[in-house]
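Below: the structure, in structure tokens.
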Amino acid sequence: MDGEPAADATLFPTTVGEKLRAAREAQGLALADIAARTRIPQRHLEAIEKGNYSGLPSPTYAMGFAKAYARAVNADEVAIARDLRKELDATYDRAPATVPYEMEDPTRTPSGGLVWAGVLVAVLVLLGVVLFYTTSLFRGGEAPPPQETLALPTGGVATDPDAVLPTPTPTPIPAAGGQVGLTAIDTVWLRVTDAQGERLFEKEMQPGERYDIPMTAEAPRVRTGRADQLRVTINGADAGLLGPAQETVDLEVTTQAIRARQAGEGAQAAP
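Positions 79 to 349 (my numbering) are the ones given, in order, by the sequence shown.
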């Protein structure tokens, strides 16, 4: 009968999409409820339930969305990820094998004229470099830069081209600016948006992977369900974890906002 396959899929789910849908329906949840919990577009959730992974941006997105779906319905996230990898291997086309270059094929051997032309260009470039650094031909008569001098104990001056000059002290970056970086401690899904809601970054980061917030981004914000697995740095200096364990956060990650949160946490910890 026409209704039997659907009934079998409900009673005995075999694909990742069927398992997630069964878990959702067992809790009396609609697909819109899952979309609201995970912030994943409903059309992507529908594609996962139908096993239409080719409709998703990439295998990485498919894996991240499915694991977020599993957490939302209290399903086994590890088992879902393992089964999904098998389905993705059969869904996405693999890159074609590279055809080896056969040196003995005369049709692929450069012609003699092309070889000589390449040699001539290389010689001309080398000659130009030598002339540039040894003469003032291309500098419009510009005099060579003066050599560094060292003061002698007797008050005279000696020229020493090999003298080691002191390294200038770098100008410290003001407290209002700086490069904010996020480094994954464990596998963690992360989304970064700017003040207009434009998505700057979204993926499932692997342990040790780092993402630097663009310094030109206006009021950047991050959203993740594992804030304790993201370490924050400002100009390379450790600024602690993004948030507490097992808590979904949506935070502004400018240097001002991070320092303000640190100051507030310090005040709360003080007796």
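Every residue gets a Cβ at the ideal spot worked out from N, C-alpha and C, and that includes glycine. Being a predicted model, the structure only gives us computed values, none of them experimental.
Check: Whole beta strand (DSSP E) elements within the stretch 292 to 346, 3-residue minimum; Outcome: 299 to 302, 308 to 312, 315 to 319, 327 to 330
Check: Gly314 versus Thr326, Gly256, Ala305, residue with shortest Cα-Cα distance; Outcome: Gly256
Check: For Asp167, three-class secondary structure by DSSP; Outcome: helix
Check: Residues that Arg269 bridges to, as DSSP identifies them; Outcome: Glu280, Arg301
Check: Beta-carbon proximity list for Phe279, same chain, < 8 Å, skipping 5 on both sides; Outcome: Leu268, Arg269, Val270, Tyr289
Check: Closest residue to Thr265 among Glu282, Ile312, Ala108 (Cα-Cα distance); Outcome: Glu282
Check: Status (buried if at least 16 other CB within 10 Å, exposed otherwise) for Phe143; Outcome: buried
Check: Counted within 10 angstroms of its Cβ, other Cβ atoms place Val94 as buried (16 or more) or exposed; Outcome: buried
Check: Burial state of Arg299 (16 or more Cβ within 10 Å); Outcome: buried
Check: Same chain only: Cβ atoms within 6 Å of Gly259, ignoring 5 sequence neighbours per side; Outcome: Arg288, Asp290, Thr311
Check: Terminal residues of the beta strand (DSSP E) in which Arg288 lies; Outcome: 288 to 290
Check: Beta carbon of Thr116 nearer than 7 Å to that of Ala146; Outcome: yes
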